[in-house]
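Numbering (our numbering), first residue to last: 39 to 197.
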């Protein structure tokens, strides 16, 4: 069963499907970026005549771990986002900030409460800055009439 492709303007998919979808996206992102990173790292640390073999071996050994970590992050942050939206009865950027903070805290709870709370606070602050920058950028882009016309024209073509 292939998952459908969702675009920026589409409404969010239902809860269970969305969790699986974002877990898959996280796995893909972790697999691609982890492959590049670990291939370069393995190539660099290998002897001169065996750089390709060393890079391939580093990919084979490390990418499944990295990709599954990204998949777990994607599934958990999506689940927490739906919980936050249902508890608050609002669909706004705060849900994503709260869910990212809760996910960071949950993933670091094995290191102790202080580390988990510090990690949740840092990730929450970082995510709030990222969401604020995105809102600011959208506001600035839509003030420019030529950019607004271009965005509206391209969004009409995709449907």
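Glycine residues also receive a C-beta, built at the ideal position from the N, C-alpha and C atoms. Because the structure is a prediction, the values reported are computed rather than measured.
- Taking a 10 Å sphere around the C-beta of residue 55, we find fewer than 16 other C-beta atoms and assign the residue as exposed.
- If the five residues before and after residue 135 are omitted, its C-beta is found closer than 7 Å to the C-beta atoms of 162, 165, 166 and 169, all from its own chain and listed in chain order.
- Contact check for residue 105 and residue 77: beta-carbon distance about 14 Å, past the 8 Å limit, so the pair fails to qualify.
- At the C-beta level, residue 117 and residue 57 come within 8 Å of one another.
- Residue 157 is classed as buried because its beta carbon has at least 16 other beta carbons within 10 Å across all chains shown.
- Less than 8 Å divides the Cβ of residue 92 from the Cβ of residue 84.
- Taking 8 Å as the upper bound for CB-CB distance, residue 64 and residue 112 are in contact here, some 3 Å apart.
- In this structure, DSSP gives residue 54 a helical state, which the three-state scheme calls helix.
- With contacts defined as CB atoms closer than 8 Å, residue 147 and residue 154 qualify as a contacting pair.
- Proximity to residue 140 across 127, 119 and 149 peaks at 119, based on C-alpha coordinates.
- Boundaries of the alpha helix (DSSP H) around residue 119: 89 to 126.
- If only uninterrupted beta strand (DSSP E) runs of at least 3 residues are considered, none is enclosed by the stretch 140 to 179.
- Taking 8 Å as the upper bound for CB-CB distance, residue 175 and residue 131 are not in contact here, some 13 Å apart.
- Looking at the backbone, the Cα of residue 125 and that of residue 149 are separated by about 28 Å.
- Here residue 80 is actually not in contact with residue 109; their C-beta atoms are around 22 Å apart, not less than 8 Å.
- Residue 115 places its beta carbon less than 8 Å from that of residue 138.
- Residue environment for residue 182: exposed (fewer than 16 other C-beta atoms within 10 angstroms of its C-beta).
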